[in-house]
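Reading through the structure tokens given below for one structure.
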Amino acid sequence: MSAELAAAVRRLALALHSHETDGVDEAVAIAGLDELTIALQNGQRRLRWYERDPDPSRRPRGRELTAWSGVLNAAAPPMALGEGELDDGRLTIDGRVRLDRLREGPPGFVHGGVVAGLFDEVMGAAQRLTQQPGAMTGRLTLRYRRPTPLDTDLLFRAWIEDDRSRRVLVRAACYVDAVDQEPPTAEAEAIFVRRAR
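Residue numbering for the sequence shown is 176 to 372, as defined by this note's numbering.
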């Protein structure tokens, strides 16, 4: 699946969520979607991010398939990840995303579970800044400070607070548009645990 096809599926999901189907021949639409589904299922099976293939052209592209930032995952928003920096010089992982009504909780605002999932994604990416990847979320604690608005550019910023042996403490905050605009809508703290070797 290309990123363009995944984006088209997202547009279809939003249209279905946002509009009544009056005037649409549902049987014809379902048949067309089923035909496309079968065509995709007849293609070569895509490897998961942790599977290996000797052919470099078919190696998984890791983050492109994740639940929250994967551009090849039609169910992902998707959140774009990049690097940033705190005022004190520490590196951050910044996740930028704009969420629509598919992720709505209270009227006009993002569902709290979606905010939690996005925090886990950006914080999981940030723990890799330790140069010792492989840690998994052991605990994720959130504090919702105010509702997070829909249809607005959001910035999820995560950084390493402490790195000790098998445990990595990561902190993060969600901002509307940019860090310096106003206080965060939510903050998170996570403990990532490295597997024993």
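For every residue, glycine included, the Cβ atom is placed at its ideal position computed from N, Cα and C.
Owing to the predicted nature of the structure, the values given are computational and were not obtained by experimental measurement.
**Request:** Over the uninterrupted alpha helix (DSSP H) stretch that includes Phe294, give me the two end residues.
**Result:** Start at 1 with the first residue of the sequence shown, and residue 294 comes out as number 119. Gly287 to Ala301 is the extent of the alpha helix (DSSP H) around Phe294.
**Request:** From the DSSP output, read off the bridge partner residues of Arg271.
**Result:** Walking along the sequence shown from the start, residue 271 turns up at place 96. Answer is Ala255 and Leu330, bridged to Arg271.
**Request:** Could you check what DSSP says for Arg186 in three-state terms: helix, strand or coil?
**Result:** Position 11 of the sequence shown holds residue 186. Helix at Arg186.
**Item:** C-alpha distance - Ala371 paired with Arg341, whole-angstrom precision
**Value:** The count along the sequence shown starts at 1 and reaches residue 371 at position 196. The count along the sequence shown starts at 1 and reaches residue 341 at position 166. Looking at the two C-alpha atoms, the distance is approximately 8 Å.
**Prompt:** CB-CB under 6 Å to Tyr350, same chain, minus the five flanking residues each way: which ones, in chain order?
**Reply:** Translated into the one-based positions of the sequence shown, residue 350 becomes position 175. Closer than 6 Å at Cβ, skipping near neighbours: Leu330 and Pro359.
**Item:** Asp296, buried or exposed, once every other Cβ within 10 Å from all chains shown has been counted against 16
**Value:** Translated into positions along the sequence shown, residue 296 becomes position 121. Here the sequence assigns Glu to residue 296, which means Asp is not the residue at that position. So Glu296 counts as buried.
**Message:** If contacts are defined as beta-carbon pairs under 8 Å, then Asp200 and Arg271 qualify, I think. What distance do you get, rounded to the angstrom?
**Reply:** On the sequence shown, residue 200 is found 25 positions in, with the first residue counted as 1. On the sequence shown, residue 271 is found 96 positions in, with the first residue counted as 1. In fact, because the Cβ distance is near 38 Å, the residues do not count as touching under 8 Å.
**Item:** Cβ neighbour criterion (16 or more within 10 Å) applied to Pro282
**Value:** Here residue 282 corresponds to residue number 107 of the sequence shown, with the count starting at 1. By the neighbour-count criterion, in which a residue is buried when 16 or more other Cβ atoms sit within 10 angstroms of its Cβ, Pro282 is exposed.
**Item:** Range covered by the alpha helix (DSSP H) that runs through Leu211
**Value:** Locating residue 211 in the sequence shown gives position 36, where the first residue counts as 1. For Leu211, the enclosing alpha helix (DSSP H) stretches over residues Glu201 to Gln216.
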